[in-house]
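Worksheet for the structure shown next.
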Amino acid sequence: MRSIPCLCGSAPCLLCRCCPSGNNSTVTRLIYAFFMLLGVGIACIMLMPGMEEHLKKIPGFCEGGMGSSIPGVKGHVNCDVLVGYKAVYRVCFGMAMFFLLFSLIMVKVKSSQDPRASVHNGFWFFKFAAATAITVGAFFIPEGPFTTVWFYIGMAGAFCFILIQLVLLIDFAHSWNESWVEKMDEGNSRCWYAALLSATTINYALSLISLVLFYVYYTHSDGCTENKVFISINMLLCVGASVLSVLPKIQESQPRSGLLQSSIVTLYTMYLTWSAMTNEPDRRCNPSLLGIIGLNSTTPAGQDRVVQWWDAQGIVGLILFLMCVLYSSIRNSSNSQVNKLTLTSDESALIEDGPAPENFEEGDGTNRAIDNEKDGVTYSYSFFHFMLFLASLYIMMTLTNWYSPDANYQTMTSKWPSVWVKITSSWICISLYVWTLVAPLVLTNRDFD
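According to the working numbering, the residues represented by the sequence shown are 433 to 881, in order.
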């Protein structure tokens with residue numbers, strides 16, 4: 433009987449006896465993150481070898497097996513490739529529409545006293561059923577132009593989520609830096625200074641190693657001009673941002689700035705540069721990971737590379753995605769500027785440190801969820817769901833390696849738009865970081881404390 437409030441009521445699942453006490457705001461975000469991770473797991477399963485044979489049995493997919501025709505598409509179709517990414521597109525479409533719907537419903541929710549807050553913080557069984565229904569319904573969408581249109585929507589949404597990743601990375605870097613600096617002031621300063629210096633050095637060392645590998649494997653003396661330009665420009669931008677972060681005027685106006693944050697932004701920029709180059713259509717300038725480590729590629733020369741769920745770029749992107757979603761769910765930032773950018777506050781901790789009996793929700797038992805949003809929400813419900821909407825699009829593009837369907841919907845191949853989206857996002861990322869450094873000097877009439 434105790435599980436009924438968790439599934440159907442307005443109380444979050446921390447009301448269950450097996451869970452510790454905590455804040456409603458954090459518990460709810462963790463459960464939505466679990467929803468997202470469940471969808472990601474299903475999408476990954478859809479891409480696994482062997483699953484395609486089972487999906488061929490679904491009516492309307494690949495009736496008749498290899499080389500069959502799909503209604504609305506003339507000619508023969510490579511179903512072994514089509515079913516995999518088609519399933520990912522539809523699973524992610526279901527997740528995206530679910531979170532977009534809640535983003536619209538939760539606009540301007542001010543506190544937990546709003547009736548819509550009860551829907552946001554509870555009724556988990558019904559929301560799970562709704563998400564499942566939307567996802568299943570997505571598999572009945574006719575092929576037609578859906579895949580191509582959804583690809584471009586996904587590319588735009590993933591681009592926005594990459595920028596959110598940067599904001600969260602800067603937030604994490606600031607929190608990391610402040611935590612260790614405070615410990616330096618409290619005692620054993622040499623130890624913590626060495627740790628801070630080591631972390632910064634490791635980040636820059638990894639960035640330098642990446643830079644060298646880029647020039648070795650992704651450029652040639654007689655070609656790959658675009659890659660040479662991308663690598664060189666981003667290298668100069670990262671060096672400039674790092675130098676800027678330690679200038680006396682910047683340090684005076686932004687005491688939080690430092691090389692640790694710059695090193696993290698530099699490493700992230702190197703990842704975006706590599707990710708962009710892995711989508712370049714020219715195979716000579718875009719070697720596979722198997723080719724780099726000395727193994728033969730499974731794709732014959734002269735043919736387009738198809739989707740592989742284990743692709744290195746996809747795995748790294750998936751790891752970054754998981755870290756970003758989980759961090760956004762439990763974050764407790766003291767950086768007011770980042771809080772404004774993400775429409776959150778600094779009042780959302782993972783576990784309540786001290787007892788607060790007056791805030792416990794009613795009911796039996798010792799473990800209770802604390803309603804810490806009676807006077808005002810600690811984060812924007814609408815923006816949080818919108819971020820998960822963008823995350824759904826990002827994971828869709830990551831699992832399909834940002835490959836786009838060809839004119840006949842037969843295969844997915846690398847295209848230049850994906851390259852430019854990623855490389856442009858790297859430039860915007862550096863620009864945003866530089867702006868956080870110089871904004872107090874430019875906008876002197878604003879309070880950036």
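Note that beta-carbon positions come from the ideal geometry of N, C-alpha and C, so glycine has one too. Note that this is a predicted model, so its numbers are computed, not measured.
Under DSSP, the alpha helix (DSSP H) around residue i begins and ends at which residues?
{"i": "K847", "result": "Counting along the chain, K847 falls outside any alpha helix (DSSP H), and DSSP gives it neither H nor E."}
{"i": "G672", "result": "657-677"}
{"i": "Q693", "result": "691-709"}
{"i": "M587", "result": "578-618"}
{"i": "W556", "result": "556-570"}
{"i": "V644", "result": "621-649"}
{"i": "C476", "result": "456-479"}
{"i": "V551", "result": "547-553"}
{"i": "P680", "result": "680-685"}
Around the C-beta of residue i, are 16 or more other C-beta atoms found within 10 angstroms, so that it is buried, or is it exposed?
{"i": "M702", "result": "buried"}
{"i": "G672", "result": "exposed"}
{"i": "G586", "result": "buried"}
{"i": "A561", "result": "exposed"}
{"i": "N666", "result": "buried"}
{"i": "W556", "result": "buried"}
{"i": "I596", "result": "buried"}
{"i": "G480", "result": "With the sequence shown as reference, residue 480 is identified as Met, and Gly is not the correct amino acid for it. M480 is exposed by the Cβ-count criterion."}
{"i": "S857", "result": "buried"}
{"i": "V459", "result": "buried"}
{"i": "T633", "result": "exposed"}
So which of the options has the shortest CA-CA distance to residue i?
{"i": "A465", "options": "W834, A823, L869, L831", "result": "A823"}
{"i": "V853", "options": "I751, N711, L752", "result": "N711"}
{"i": "Q545", "options": "R878, D807, L628, L752", "result": "D807"}
{"i": "V551", "options": "F583, D617, F534", "result": "F534"}
{"i": "V472", "options": "V459, C524, M480", "result": "C524"}
{"i": "A475", "options": "T830, K540, S836", "result": "T830"}
{"i": "S707", "options": "L629, A627, T832, M468", "result": "T832"}
What residues in its chain sit with their C-beta under 8 Å from that of residue i, if we drop five residues either side in the sequence?
{"i": "I682", "result": "L676, S689, L869, V870, L873"}
{"i": "I862", "result": "N666, L669, C670, A673, V697, T701"}
{"i": "L532", "result": "H817, F818, F821"}
{"i": "C717", "result": "Y650, T651, H652, G655, C656, E658, N659, M709"}
{"i": "S543", "result": "A549, E805, K806, D807, G808, V809"}
{"i": "L643", "result": "I663, M667, M702"}
Given residue i, which residues of its chain have a CB within under 6 Å of its CB, disregarding the five upstream and five downstream residues?
{"i": "S836", "result": "F583, K847"}
{"i": "F571", "result": "R522"}
{"i": "L875", "result": "none"}
{"i": "S639", "result": "T698, L699, M702"}
{"i": "F591", "result": "V853, S857"}
Going along the chain, which residues of its own chain have a beta-carbon closer than 7 Å to the beta-carbon of residue i, five neighbours each way excluded?
{"i": "P787", "result": "At P787 the pLDDT is 43, less than 50, meaning the model places this residue with poor confidence; the figure from the coordinates comes in the next sentence. Answer for P787: no residue qualifies."}
{"i": "R878", "result": "none"}
{"i": "F578", "result": "none"}
Kindly confirm or deny that the region 812-831 and the region 683-702 touch, where touching means at least three C-beta pairs closer than 8 Å. With the cut-off at 8 Å, the region 812-831 and the region 683-702 do not touch.
Between the region 649-659 and the region 554-570, are three or more C-beta pairs nearer than 8 Å? Taking one beta carbon from each stretch, the region 649-659 and the region 554-570 have fewer than 3 pairs nearer than 8 Å; the two do not touch.
Is there contact here, the region 595-603 with the region 748-760, by at least three beta-carbon pairs under 8 Å? A contact exists between the region 595-603 and the region 748-760.
Contact between the region 825-835 and the region 581-600 (3+ Cβ pairs under 8 Å): Yes, the region 825-835 is in contact with the region 581-600.
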